[in-house]
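Asker: When the letters of the sequence shown are read in order and numbered with the working numbering, they come out as residues 2 to 917.
For glycine and all other residues, C-beta sits at the position ideal for the given N, C-alpha and C.
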Amino acid sequence: MSYLGFPRLNFTGVFQSDVATANNAPPYYDNSLFEPRMQWLMRFPEDIFGLWNPGGTNAMRLTDVKVTSGLLPDGTLVTDPGRDRAVGGRLMDDDLRANGKFVDLDPADQTVPEIWGLRPRLVDAKGRELLRGDYLPTAVEDLWMRSRTPPEVMPDPSGTYQTVLSGLEWADADSPLLRALRERTDDGLLSIKFTLDSVDLGVAGWSGNVSYGRIVGAIGPYRSGEPKRFLAGRRLRRTGDAGSFNHAPCRIDEESGTAFLDLANSIATTKANGPLVDTGELSLAVLDDAGKAAVLAPLKGVGKDFYEHAAGIATVRLSPEQLKTVARRPIAVVEATEGGAAPAVVLSENADATWIHADQTVHRLYPGVDGASTGSATLYATQYGAPAAGRRLFISPVEDTKAVAVPTEVVTGNDGRAEVKFTGKDPANARKDIDGVVAMVAYGSTHRPGEPEGLFHLRVFDAYKPPARPTWVRDVQPIFQQYANLFPVMRDILDLGNYNHVLRHSTYIKRTMLAPLESPNHMPVSRDLSLGKRDMIVSWLNQKPVPTVLDITNVDDLRQILQQAILVELATVPPYLAALFSIKPNRNVKIAELIRGVVLEEMQHMAQVCNLLNAVGGKPQIGRPGLVPTYPGKLPGPVLPDVEVHLRKLSLEHVKEVFMGIEQPEYPTVEGKPFRGAVFAPQSVRIDREGRVQSADGNAMQTLERWFTTAEYRPLTIGWLYNQIARAIVRLDKKGKLFTGDPKRQVAWPDAPQTLYQVTDKRSALLAIYQIIEQGEGSPHDLDGDGLGDPEELGHYYRFEEIVKGRQLMKKGDKWVYEGPEIPFDPDGVYPVVDDADTFRLPANSDGRRESARCDESYTNLLKGLHRVFNGHPEELDNTVGLMFQVQVQAKKLMSMPSAEGAKTVLGAAFQSPGQ
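1. Could you tell me the boundaries of the alpha helix (DSSP H) in which Gln889 lies?
2. Taking the continuous alpha helix (DSSP H) assigned at Trp721, which residues delimit it?
3. Just curious, the alpha helix (DSSP H) that Val556 is in, first and last residue?
4. List the whole-angstrom C-beta distance separating Thr139 from Ile116, where the pair is believed to meet the contact cut-off of C-beta under 8 Å.
5. Give the straight-line distance between the Cα atoms of Pro398 and Gln163, rounded to the nearest whole angstrom.
6. According to DSSP, simplified to helix, strand and coil, what is Leu237?
7. Note down, one range per segment and in chain order, each beta strand (DSSP E) of at least 3 residues found wholly within the region 406-491.
8. Can you tell me whether Tyr500 is helix, strand or coil according to DSSP?
9. Quick check: the region 461-479 against the region 61-77, are there 3 or more CB pairs under 8 Å?
10. Answer yes if the region 118-138 comes into contact with the region 72-91, meaning at least three C-beta pairs across the two stretches below 8 Å, and no otherwise.
11. From Leu636 to Arg44, what distance separates their C-alpha atoms?
12. Closest to Asn486 by C-alpha separation, out of Gln17, Asp19, Gly57, would be which residue?
13. Among the candidates Leu530, Tyr632, Asn724, whose CA atom is the shortest distance from the CA of Leu551?
14. Taking Gly234 as the reference, give the member of Asp157, Arg318, Ala328 with the closest Cα.
15. Per DSSP, what kind of secondary structure is Thr761 in: helix, strand or coil?
16. By Cβ distance below 6 Å, which residues in the same chain neighbour Lys865 in space, the five residues on each side in sequence not counted?
17. So the candidates are Asp839, Pro388, Asn351; which of them puts its Cα closest to the Cα of Ala333?
18. If I measure Cβ to Cβ from Ser208 and keep anything under 7 Å in the same chain, skipping five residues before and after, which residues do I get?
19. Use the C-beta contact count for Glu282: other C-beta atoms within 10 angstroms, 16 or more gives buried, fewer gives exposed.
20. Which residues does DSSP list as the beta-bridge partners of Ile314?
21. By the three-class DSSP mapping on this structure, what secondary structure does Arg512 have?
22. So which of Leu97, Tyr136, Ala766 has the shortest CA-CA distance to Val617?
23. Within 10 Å of its beta-carbon, does Asp401 have 16 or more other beta-carbons around it, so buried, or fewer, so exposed?
24. State buried or exposed for Arg38, treating a residue as buried only when at least 16 other CB atoms are found within 10 Å of its CB.
25. Can you tell me the Cβ-Cβ gap for Pro177 and Asp85, rounded? I've got them flagged as a contact below 8 Å.
26. Which residues in the same chain have their Cβ closer than 6 Å to the Cβ of Ser520, if we skip the five residues on either side of it in sequence?
27. Starting from Gly638, trace the beta strand (DSSP E) both ways and give me its first and last residue.
28. First and last residue of the alpha helix (DSSP H) that includes Asn612?
29. By the three-class DSSP mapping on this structure, what secondary structure does Leu232 have?
30. Do three or more CB pairs link the region 741-748 to the region 711-721 at distances below 8 Å?
31. When the Cα atoms are used, what is the spatial distance from Leu789 to Pro751?
32. Mapping the DSSP letters down to three states, classify Arg129 as helix, strand or coil.
33. May I ask you to verify whether the region 97-113 touches the region 527-540, counting CB pairs closer than 8 Å and requiring at least 3?
34. What is the rounded straight-line gap between the Cα of Thr881 and the Cα of Cys611?
35. Does the separation of the CB atoms of Pro822 and Glu36 fall below 8 Å?
36. Less than 8 Å separating the beta-carbons of Asp837 and Tyr632?
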């Protein structure tokens, strides 16, 4: 039986393939190299960005699919809705749950997208439901480029999906077609076949039809024992010169004397979404031993509207003698020829009329997970459409791989079936940023060892040993950030890279991650998260009272978080510089001085953390191939997840919302009470000009250590981060063996705004961290007794607030108030720089893009130079100063160029360092 026979419903219409495309590019999986432009719609052919549908949801939608006809058990064609309610009805998505999903196996194997979670339902012309059922997940088959339009103009892949519907819910409807289907199907299943083509990929221009395509198909009975995902009948293969044809399944029904040929995916189209090419008259034929064709009869129904109204299925009535002939001879489809020439064969069975195929071609294996590290599939072998017993079948990986073990050969039983078992082995993180590996395993007849009949597509995930207590920073955020990058459509609802967002949605995240793979609600939609990592994330979400953000338990953890601290400090510099550079010469002088002072201190902070990381045996990574902060965006690491950082010209609003948001003051509590003021007297520590600690009062150092271990900061602030680092240093250095780094890698900066400490021990490390906290978020101090908050006496927050308030901070009695000398802001003294300048937003080959790219190149070289300075070349520090001035010169040049033709805004520095 199956869809390829009688009775049957035929349908056609429009579907949507709303697949996300940013995840199609393997390089985009590297969180360190990911950039915002990788989520943009492509600008073909100059910039591919996030390809043709980066904001896709992966939904598979039955948009407008109509039942065009039906066939009763005797072959009677029904096209009049008056004769049967099912005709003229619609095949629709489930109205009680989310849409089904298209799912690629892996970015390295996008040839077998599957459909998961679909539950189609059939309604009549008045919207009354007649039938619904669950669609067994299946992968595409027989992909080919169908359109005669050159693929570089409009690629038009076409393929088929065959499976069964289960869990059927039948309405008590007066429909002879549905009644016939229900009476003749087995096991509570129905057979269903889709042919999908003509999806608009936007290559020829952006229209309202992008992601929409054409669907035709059929629904028929299922017979117990049949494979569920393909037709174990006869396989008509395209011949070498059959450019307008593709493979086709065929079924011979002896009871009715009918040959059914599914040509829905077998005839080319004149153009994407266009009609089928004119094939002329096609006939069914048999082949003799020499391959010569003898015509049996013309294919019935092949012609105008054949594709839409008959789902591309042709029939041939055969006489009893012809049935005997086709039972022992290969069959073919032939074209009529002129002048009495032999008919031209366009599709045919192979010489022995055999076919070997798997009922499930896509498999996922999870080494190290009980019951999930192995899998199996059934191969079916047929000859002349009947089960072929005793057939030896080869099983052979396409490429040498150690990640999967398979038998080299299997033999079919009396039922024509053979089971193939797969065993996954740990790929050992072979691809670093993409979990596991993919493997293709070919199968076929041992009589034709060089001619595979098909492929198994396997995804073998990395074995994963979860930590005893997972944390956000080390374990969860790297995984979630990848999904946030590759599926930007989620961010409007939930930013998976944001700890606070994840906590707010934790209940739903757990439910969706634990949902069955076949559920449309399953997360991740791509089904590419290993079971071990899924279980780790769920256990982290279940931690009480809240999931752990950070737990520095060893020196590797410490090095990792110090690297993130470097990136936090680096990330603040471009936004401050963007505002500083936007100030016109000799205008807003006082404000420029304040911002310049903060920039220098942030650069000192970054240098200080590099010295800290070197001191504990780490290697600072500045610039590519590491992460380079991008804008707009969050600060790297776990801090301030709800602060969005932008590149903008100087304005009071920007200083208040972004700069003060970054530098928000943190007053810790110590023994339950708010702490303000100095921890120790500055004169208790003596430092030379190179940043080396010459002496320090022992009691002061004990006080500082005790303060770090008892001070409590609000989680996820910058002060909290450095306090966690300080506490870890105290814990890990109890035996005095933490500081193993080469002292020669310590960098001195005698002209730094304050002190760049050379870190060699716990004492110098804690002093360095304390200074970072005080400069960034510390309380005001009147060190010189003049009653005014001088820049070196104020944390960054208070300097920025002076700009917003328009007055210098001064001490009035015991309080600090903004009543000092005026700090005026002149809006006309600022260039009208475009918000969030971005090189890749500019037209390719334009003057603006070239100049912006040059500025980016200088910024990239600056980062490269800093990387060398803190990795064994401290003598090159002056080179980076020169590069900094070069960036400034080029940024100023950009401000003389309009951001677009006729625009009132000008370009600004983008501070980009492309990693791809």
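Answerer: Straight from the coordinates:
1. Walking along the sequence shown from the start, residue 889 turns up at place 888. Where Gln889 is concerned, the enclosing alpha helix (DSSP H) stretches over 878-895.
2. For this step, residue 721 is matched to residue 720 along the sequence shown. Run containing Trp721: 719-733, per the alpha helix (DSSP H) assignment.
3. As a working mapping, residue 556 is identified with position 555 in the sequence shown. Val556 -> alpha helix (DSSP H) spans 556-582.
4. One-based indexing of the sequence shown puts residue 139 at position 138. One-based indexing of the sequence shown puts residue 116 at position 115. Contact holds; Cβ gap of about 6 Å.
5. Residue numbering aside, residue 398 sits at position 397 when the sequence shown is read from its first letter. Residue numbering aside, residue 163 sits at position 162 when the sequence shown is read from its first letter. Spanning the two alpha carbons is a distance of roughly 25 Å.
6. In the sequence shown, residue 237 corresponds to position 236, counting from 1. Here Leu237 sits in strand by DSSP.
7. Segments of the beta strand (DSSP E) lying fully in the region 406-491: 410-412, 418-425, 438-446, 455-461.
8. Counting from one through the sequence shown, the residue named residue 500 turns up at place 499. Helix, per DSSP.
9. no
10. yes
11. Start at 1 with the first residue of the sequence shown, and residue 636 comes out as number 635. Start at 1 with the first residue of the sequence shown, and residue 44 comes out as number 43. Spanning the two alpha carbons is a distance of roughly 28 Å.
12. As a working mapping, residue 486 is identified with position 485 in the sequence shown. Answer by Cα proximity: Gly57.
13. Counting from one through the sequence shown, the residue named residue 551 turns up at place 550. Comparing Cα positions, the closest option is Asn724.
14. Taking the sequence shown and counting its residues from 1, one reaches residue 234 at position 233. The shortest C-alpha separation from Gly234 is found at Ala328.
15. Position 760 of the sequence shown holds residue 761. In this structure, Thr761 counts as coil in the three-state DSSP scheme.
16. For the purposes of this step, residue 865 is identified with residue 864 of the sequence shown, where counting begins at 1. So the qualifying residues of the chain are Gly624.
17. Position 332 of the sequence shown holds residue 333. Among Asp839, Pro388, Asn351, the Cα nearest to that of Ala333 is on Asn351.
18. Locating residue 208 in the sequence shown gives position 207, counting from the first residue. Within the same chain, Ser208 has close Cβ partners Asp201.
19. Against the sequence shown, residue 282 aligns to sequence position 281. When all chains shown are included, Glu282 counts as exposed.
20. Here residue 314 refers to the residue found at position 313 when the sequence shown is read from its first residue. Answer by DSSP bridge pairing, in chain order: Asp263.
21. Taking the first residue of the sequence shown as 1, we reach residue 512 at position 511. The answer is helix: DSSP assigns Arg512 an H, G or I state.
22. Locating residue 617 in the sequence shown gives position 616, where the first residue counts as 1. If we check each option's Cα against that of Val617, Ala766 comes out closest.
23. Walking along the sequence shown from the start, residue 401 turns up at place 400. That one is exposed.
24. Position 37 of the sequence shown, counted from the start, is the residue given in the question as residue 38. Burial call: buried.
25. Taking the sequence shown and counting its residues from 1, the one referred to as residue 177 is at position 176. Taking the sequence shown and counting its residues from 1, the one referred to as residue 85 is at position 84. Rounded, the Cβ-Cβ distance is 6 Å, consistent with contact.
26. Within the sequence shown, the letter at position 519 stands for residue 520. So the list reads Gly118, once near-sequence residues are dropped.
27. Numbered from 1 along the sequence shown, position 637 holds the residue referred to as residue 638. From DSSP, Gly638 is part of no beta strand (DSSP E); its letter is neither H nor E.
28. Counted from its first residue, the sequence shown places residue 612 at position 611. Segment 590-616, the alpha helix (DSSP H) holding Asn612.
29. As a first step, residue 232 must be located in the sequence shown, where it is residue number 231. Coil.
30. no
31. Residue mapping note: residue 789 aligns to position 788 of the sequence shown, counting from 1. Residue mapping note: residue 751 aligns to position 750 of the sequence shown, counting from 1. Near 26 Å, if we compare the C-alpha coordinates of Pro751 and Leu789.
32. Here residue 129 refers to the residue found at position 128 when the sequence shown is read from its first residue. Coil at Arg129, not helix or strand.
33. Yes: at least three Cβ pairs fall under 8 Å.
34. The sequence position of residue 881 within the sequence shown is 880, counting from 1. The sequence position of residue 611 within the sequence shown is 610, counting from 1. When rounded, the distance between both Cα atoms is 15 Å.
35. What you label residue 822 is simply residue 821 of the sequence shown in a count that begins at 1. What you label residue 36 is simply residue 35 of the sequence shown in a count that begins at 1. No, they are not a contact pair.
36. Locating residue 837 in the sequence shown gives position 836, where the first residue counts as 1. Locating residue 632 in the sequence shown gives position 631, where the first residue counts as 1. Taking 8 Å as the Cβ cut-off, Asp837 and Tyr632 qualify as a contacting pair.
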